[in-house]
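Q:
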Amino acid sequence: MSDWRVVVTIVAVYLLINLMVGLRAGSRSTDTVAGYVAGDRGFGTLVMYFVTGATMFSAFAFLGGPGWAYSRGAAAFYILAYAVLGVAPYFALGPWAARLGRRHGYVTQASLLAHRFQSRWVAIIAGVVSVIAITPYVALQMRGAGIVFQQVTDGHVPLPAGAAIAYGVVLIYVWRSGVMGVGWTNVLQGVFMIAIAWTLGIYIPYKLYGGIGPMFQQLEALRPEMLTVPGLDADGARWTHGAYSSAIAVSAIGVWMWPHLFMKAFAAKDDATIRRTVLLFPTFQLFLFPLFVVGFAGVMYASAPDTADAIMPHIVLTSGLPALVVGLFCAGALAASMSTGDALVHGAAAIAVEDVYSGVRKNRMSQHDKRTLIRWMAVAVGVLGYAIALDTNLSLVGILLAAYGAIVQLAPPVYAAFLWKRATAAGVVSGLLVGICVTGLLVVRPEWRPLDLHEGIVGLAVNLATMVLVSLVTRPPDTDHVTEWYRTSRQGA
Amino acid sequence: MPNRSRLKRIATRAAIAYFVAMAVAVTFPGVTPFNTIRPFIFGVPFVFAWYLCWIVGSLLVFAFLYKVFSE
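Those sequence lines, one after another, are chains P and W.
73 is the number of the first residue of the first sequence in my numbering; add one for each residue after it.
1043 is the number of the first residue of the second sequence in my numbering; add one for each residue after it.
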């Protein structure tokens, strides 16, 4: 059997195990929307740990992270900086959201906001923003899966086919099992991606340069500019301090705003589970270290890949590793892509139905009908993401940073909901609309960004100012409702 | 339980102080004094190790917070 066939066989076995785990998990939830979207609020620490880590670190971390270290050097450190900063508020706000979810039956972030601000328009706008930001992110994950297939099979399985195979499996278990399928496959995928990352991150520098220390010493002599922040920009020039720092800021503020992450608070069994998840999160995040090491190893490597994002599979394929190891690497990379992609597809579908469709139609669907509609919506999001993923001019980390610009606009409503009683629906809606328009404008006209700041940060500042001003000049929210909402979040039902 | 709530308040403020300090220390201009390659720390450039240390530190802060809030 030729090497690429061995690799495909290993990957096929891996995908089959994923499918079995995902399908089996579905039998543990009820036939309700809360069962399909929030796992009947029964996730323990093991599943929450892997759901949080594996969902946050995706193809962008597994392929894009080494890609950035390889092509832009220490610029990649922004990923190291933001994740812990972004997760820290979850220690307090996660249990608050979970208590409110148990009391009021929320399963999505937008439904929490809509009830707090007593406006379905808040849910509709937040839902639309979420779906718009999530769809290209789904495409990013699919593209990551396709790249891996194409590289390791030497083009025998092209990118479109590879993405279709991996996400065909994802859609089947998401359809059948909802968040339970996402959760239990994430445990498997998380273990796989951590194990593969650490193995390769230690082995590759040892094999190529005699160890991590000797590798960095050689790199210091050859390309010292790669080893200090802010690293390089996409054109190879020095990245600016403003762009580097604002990339950290927009990602740190935005990371918990991703609805597919936020809504996992509604799936947690209790407050202690969420706190333990936050406590253990840095242990997951440290797997970025070996991934960056592989990227740095690529700088002095004898040959170059077609694109920077392909540096990790390129080294794995051309450094004489056995086909078995290549196959396991491929499975690990697919795990990184699928563990985020499944949560995104599932989350976007739930939001589109629960918040946008139900908000606009104002109709009361049965639990069964709503669950069926969410399933079809997951297929629709998957198909749309697949169409975007076939665009060959996309960079993994580049897409993610652009999507963060949109999603970070949800930060003022979310923090105001929990921390500022005077915030009003009019303030939140107008802030969101203005923030999104400003961010979109700066994406089209990047030369208008002040100090080279990320467009999302500029949009966020305008969003925040608008929300505060409009809230202060509009009628205050119902005091009894807000007081009761705050009491529930702090003390439970 | 005045002592218990006081301890929670102190722990929360200490955690907020840590993460504000981290935000300053990993962005410009705060990172500038630590933005060097040497000395290598366990073979890793100093600024790379700087970022890793803040992550490990956050693990300790979360552990302290968890202990205070779970008792």
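The beta-carbon is built from N, C-alpha and C at its ideal position, and this holds for glycine as well.
Report yes or no: do three or more beta-carbon pairs, one from the region 381-390 of chain P and one from the region 227-238 of chain P, lie closer than 8 Å?
A: Taking 8 Å as the limit for Cβ pairs, the verdict is that the region 227-238 of chain P does not touch the region 381-390 of chain P.
Q: Kindly list, in the order they appear in chain P, the residues whose Cβ is closer than 8 Å to that of Pro1075 (chain W).
A: Ordered by position in chain P, no residue passes the 8 Å Cβ test against Pro1075 (chain W), which lies about 12 Å from the chain.
Q: From Gly216 (chain P) to Ala269 (chain P), what does the alpha carbon distance come to, in whole angstroms?
A: The straight-line gap from Cα to Cα measures roughly 16 Å.
Q: Do you know whose CA, among P:Thr551, P:Ala424, P:Pro377, lies nearest Asp226 (chain P)'s CA?
A: For the residues P:Thr551, P:Ala424, P:Pro377, the minimum Cα distance to Asp226 (chain P) belongs to P:Pro377.
Q: Is it buried or exposed for Asn520 (chain P), if we count other Cβ within 10 angstroms and need 16 for buried?
A: Note on identity: in this sequence residue 520 (chain P) is Trp, with Asn being the wrong assignment. By the 10 Å Cβ count, Trp520 (chain P) comes out exposed.
Q: So, for Val365 (chain P): in the same chain, excluding its five sequence neighbours on each side, which residues have a beta-carbon less than 7 Å away from its beta-carbon?
A: Within the same chain, Val365 (chain P) has close Cβ partners Gly273, Pro277, Ile284.
Q: With a threshold of 8 Å between beta carbons, is Leu358 (chain P) in contact with chain W?
A: Yes, Leu358 (chain P) lies at the interface with chain W (some Cβ there is under 8 Å from its Cβ).
Q: Do you know offhand how far Phe334 (chain P)'s Cα is from Asp552 (chain P)'s?
A: Going by the C-alpha atoms only, they are around 26 Å apart.
Q: Is the Cβ of Ser323 (chain P) closer than 8 Å to any Cβ of chain W?
A: For Ser323 (chain P), the answer is no, since every Cβ of chain W falls outside 8 Å of its Cβ.
Q: Near Pro548 (chain P), what residues of its chain come up, given a Cβ to Cβ distance below 8 Å and the 5 sequence neighbours on each side ignored?
A: Contacts found: Arg494, Thr496.
Q: Report the partner residues of Ala122 (chain P) according to the DSSP bridge assignment.
A: One detail in the question is off: residue 122 (chain P) reads as Phe in this sequence, not Ala. For Phe122 (chain P), which the question treats as bridged, DSSP gives no partner whatsoever.
Q: So Ala1067 (chain W) and Val1073 (chain W) are supposed to be a Cβ contact under 8 Å. How far apart are they, rounded?
A: At roughly 6 Å, the Cβ-Cβ gap stays under 8 Å, so Ala1067 (chain W) and Val1073 (chain W) are in contact.
Q: How long is the line joining the alpha carbons of Asn1077 (chain W) and Val453 (chain P), rounded to whole angstroms?
A: Distance between the alpha carbons of Asn1077 (chain W) and Val453 (chain P): 43 Å.
Q: Closer than 8 Å is the cut-off here; do at least three beta carbon pairs connect the region 442-453 of chain P with the region 305-313 of chain P?
A: In short, these stretches do not touch, since the Cβ pair count stays below three.
Q: Measuring only the C-alpha atoms, how far is Leu523 (chain P) from Gly314 (chain P)?
A: Rounded to whole angstroms, Leu523 (chain P) to Gly314 (chain P) spans 6 Å at the Cα level.
Q: What is the rounded straight-line gap between the Cα of Val1062 (chain W) and the Cα of Thr1069 (chain W)?
A: The straight-line gap from Cα to Cα measures roughly 11 Å.
Q: Return no unless some Cβ of chain W is closer than 8 Å to the Cβ of Arg347 (chain P).
A: It does: the Cβ of Arg347 (chain P) has a partner Cβ on chain W nearer than 8 Å.
Q: Mind checking whether Gly97 (chain P) and Gly255 (chain P) have CB atoms under 8 Å apart?
A: Sequence inspection shows Ala at residue 97 (chain P); the Gly mentioned does not correspond to that position. In this structure, Gly255 (chain P) lies closer than 8 Å to Ala97 (chain P) by Cβ.
Q: Residues in its own chain within less than 6 Å of Ile266 (chain P) by CB, not counting five upstream and five downstream?
A: So the qualifying residues of the chain are Phe359.
Q: Listing by chain order, which chain W residues have their CB less than 9 Å from the CB of Ala337 (chain P)?
A: Going along chain W, no residue has its Cβ under 9 Å from Ala337 (chain P), so there is no contact; the nearest lies around 16 Å.
Q: Let me make sure I understand the geometry here. Which of P:Val251, P:Leu299, P:Met372, P:Val263 has the alpha-carbon closest to that of Asp112 (chain P)?
A: Asp112 (chain P) has its Cα closest to that of P:Val251, out of P:Val251, P:Leu299, P:Met372, P:Val263.
Q: Measure the C-alpha to C-alpha separation of Phe1111 (chain W) and Gly503 (chain P) and round it to an integer number of angstroms.
A: Distance between the alpha carbons of Phe1111 (chain W) and Gly503 (chain P): 34 Å.
Q: When the Cα atoms are used, what is the spatial distance from Cys1095 (chain W) to Glu297 (chain P)?
A: So the two alpha carbons sit approximately 22 Å from each other.
Q: When you check each C-beta in the region 137-152 of chain P against every C-beta of chain W, which residues fall closer than 8 Å?
A: Correct list: Ala146, Phe149, Leu152.
Q: Does the distance from the CB of Val327 (chain P) to the CB of Ala155 (chain P) come in under 8 Å?
A: In contact: Val327 (chain P) and Ala155 (chain P) (Cβ atoms closer than 8 Å).
Q: Hey, would you say Asp414 (chain P) sits closer than 8 Å to Ile196 (chain P), going by beta carbons?
A: Taking 8 Å as the Cβ cut-off, Asp414 (chain P) and Ile196 (chain P) do not qualify as a contacting pair.
Q: Within 10 angstroms of the Cβ of Trp168 (chain P), are there 16 or more other Cβ atoms? Answer buried if so, exposed if not.
A: When all chains shown are included, Trp168 (chain P) counts as buried.
Q: Is there a Cβ of chain P sitting closer than 8 Å to that of Ser1047 (chain W), yes or no?
A: Judged by the 8 Å Cβ criterion, Ser1047 (chain W) is not in contact with chain P.
Q: Would DSSP call Ala374 (chain P) helix, strand or coil?
A: Three-state result, Ala374 (chain P): coil.
Q: In this structure, how does DSSP classify Ala217 (chain P) when only helix, strand and coil are distinguished?
A: Helix.
Q: Cα separation between Ala565 (chain P) and Ala403 (chain P)?
A: Low per-residue confidence applies at Ala565 (chain P): pLDDT is 48, beneath 50, and the placement is therefore not dependable enough to give any value.
Q: Does the distance from the CB of Ala537 (chain P) to the CB of Thr511 (chain P) come in under 8 Å?
A: Their beta carbons are not under 8 Å apart, which means Ala537 (chain P) does not touch Thr511 (chain P) by this criterion.
Q: Any beta-carbon of chain P closer than 8 Å to the one on Ile1079 (chain W)?
A: At least one chain P Cβ lies under 8 Å of Ile1079 (chain W).
Q: Quick one: measure Cβ to Cβ for Val350 (chain P) and Phe1104 (chain W), integer angstroms, because I've assumed they're closer than 8 Å.
A: With a Cβ gap of about 6 Å, Val350 (chain P) and Phe1104 (chain W) count as contacting.
Q: So, Gln181 (chain P) versus Pro331 (chain P), is the Cβ gap smaller than 8 Å?
A: Yes, the Cβ-Cβ distance between Gln181 (chain P) and Pro331 (chain P) is below 8 Å.
Q: Using a Cβ-Cβ distance under 8 Å, would Ala1053 (chain W) count as near chain P?
A: Not an interface residue.
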